[in-house]
Every structure is written in structure tokens, then in C-alpha cells.
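If you count by our numbering, then the sequence shown holds residues 7 to 214, one letter each, in order.
All C-beta atoms, glycine included, are put in the ideal place defined by N, C-alpha and C.
Note that the structure is predicted; figures quoted are calculated from it, not measured.
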Amino acid sequence: MKNITVLVSGGGTNLQALIDAQESGIIKNGRITCVISSKPGVYALERAKNHGIKSRVLERKLYRDSVEYSRALLKALDEEKADLVVYAGFMTIIDELVVKAYPNRMMNVHPALIPSFCGKGYYGLKVHEEALKKGVKVSGATVHFVTEECDGGPIILQKAVEVMEDDTPEVLQKRIMEQAEWKILPQAVSLFCDDRLEVRDNRVYIKN
Ligand code: GAR
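In C-alpha cells:
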């Protein structure tokens, strides 16, 4: 059984999708043992509490810089004996020292089809605003392993979602969450926990 630590900063709907997948048996070989938030008072912490999951708050503004913050995060992950770390709407820049300590053991959900609308500055609603500005007909979500390169790690799963002509960023965000993120994030976590993900030459292969 693998220990999963989920990193959050906000509402935590992706965390909820993981909790639901765990409770319904979609994730069989892993347990969310800790939720770490970069902000106090966010609803994601409430979701953890409601399901009896331990949580910790590591407030970014209490640390001098991202290196100091990353050292504290690394210490927390080690204490929690995390086998897998999931970024689920975690909106804090982390130094590469954390990523290097957990190679191919950290995954992130991004609300677009990487390599579109990703990289530094592309997070939350901003991603959907840019997709609508460009006029794309299809967007979606990507789950990928985290590397030193922002949104540049090996892609695990992607799912496309149709863009409608009258979409607002908020409407598109909701559709992408419902139709893509909440499905592929639990699937990717489940595959990891079943030891079915293999990374070779920056590509992810799914073993049968
Ligand atoms: C999600 O849409 C997630 O993909 C996005 O933030 C939202 C968090 O929602 N993450 C990023 O933009 C990371 N680059 P949630 O707190 O309800 O899961």
C-alpha cells in the first residue's frame, strides 16, 4: 500500500476526486495519508477533515524564499513517508531540490492539453482565459510527472474537452474539471499505485 500526500492551495475539488476514488475502490493500492496546504483556511483542508485525513499547513509567506519553503516541504514529505506526491491545485513555486528528491514520484494535474497553455504563469483561470483568447476548439487536462521544468515532465494521461462558442473562463474551467481532471487524476494515481507506470526517455509507458 502506497502512501499518498496531496498538495493543495484552494478548493480541493481534485483532492475530492481522489478521496472519492479511494473510497469507491478505484484506487486500491494507495491511501491518502496526508494533505499539505500552502494556505490556511482553504476548503481543501475541510475536505480532508471530513474524511479523517491528516492535514498540515505550510504557509508560503512564513518562509523567506522558495528554497527555505522547499526545504520545509521536503522535510514534511519525508516525515509523512510519501511514496507519491500529488499536486492538486498547488499554486506555490517549489525549488528543484524537492523534485530531485522524488524523481517520477510527483505528479501534477494541469487544466490544458500540454504543451498548450502551460509553463510559468499559466495556472487556474488564466489557462482558460488564454485558451478562449486563442479560439481553440478543443482544450482539456493533462496529468504529468513533475520535473525541474515547469509543466514539462513526462505526460501520464490527457483528455480532450470541447470548447463552446459562448464559454466564459469559469464555464470552461468547470467543464474541464468535470469531464477531464476529476477522471484522469484518479486514474493516473491508481496506475502509479498499481506499479503500472514506466518512464523511459521522458515518455510514460503504461504496463498491462
Ligand atoms: C484545477 O483546475 C487544477 O488543474 C489547476 O487549479 C485548479 C485547482 O482546483 N491547477 C493549475 O492550474 C496548476 N498549473 P481544485 O483546488 O478545486 O482542485
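**Report entry** Closest residue to residue 29 among 142, 58 and 13 (Cα-Cα distance)
**Finding:** Considering only alpha carbons, the answer is 58.
* **Contiguous beta strand (DSSP E) assignments of at least 3 residues, all confined to the segment 53 to 108** => 61 to 63 and 90 to 93
Next item on the list: Rank 39, 210, 66 and 31 by C-alpha distance to the C-alpha of residue 15 and give the top, closest one.
Entry: 66
### Query
With DSSP run on the structure shown, which of helix, strand or coil describes residue 128?
coil
* To do: State the Cα-Cα distance for the pair residue 11 and residue 90, rounded to the nearest angstrom.
  => Whole-angstrom Cα-Cα distance: 6 Å.
Would a C-beta distance cut-off of 9 Å place residue 17 and residue 41 closer than the cut-off? no
Open item on the list: I'd like to confirm the pairing. Which residues does DSSP put opposite residue 40 in its beta bridges?
Closed with: DSSP lists 11 as partners of residue 40.
| field | Rounded distance between the beta-carbons of residue 56 and residue 115, thought under 8 Å | value | At roughly 21 Å, the Cβ-Cβ gap does not stay under 8 Å, so residue 115 and residue 56 are not in contact.
| message | Let me check you understand the geometry: is the CB of residue 20 closer than 8 Å to at least one non-hydrogen atom of the ligand GAR? | response | yes
Next item on the list: Compare the Cα-Cα distances from residue 178 to each of 206, 131 and 159 and report the closest residue.
Entry: The candidate whose alpha carbon is nearest that of residue 178 is 131.
Using C-beta distances below 6 Å, list every residue in its chain close to residue 51, excluding the 5 sequence neighbours before and after it, in chain order.
43 and 61
inquiry  = The alpha helix (DSSP H) that contains residue 196, what's its start and end?
reply    = Looking at the DSSP string, the run of the alpha helix (DSSP H) that includes residue 196 is 188 to 199.
Practice problem: Mind reading off the beta-carbon distance from residue 149 to residue 113? Whole number of angstroms is fine, and I expect it under 8 Å. | Solution: 6 Å
If I measure Cβ to Cβ from residue 54 and keep anything under 6 Å in the same chain, skipping five residues before and after, which residues do I get? Taking residue 54 as the centre and dropping the five residues before and after it, the same chain places the C-beta of 41 and 61 closer than 6 Å to its C-beta, in chain order.
**Prompt:** Can you find a heavy atom of the ligand GAR that lies under 8 Å from the Cβ of residue 15?
**Reply:** yes
Helix, strand or coil at residue 174 [DSSP, three-state] = In the structure shown, residue 174 sits in coil (DSSP, three-state: anything other than H, G, I, E or B).
Identify which residue in 97, 71 and 107 has its Cα closest to the Cα of residue 82.
That would be 107, whose Cα lies nearest to the Cα of residue 82.
Below 9 Å between beta carbons: does that hold for residue 182 and residue 167? yes
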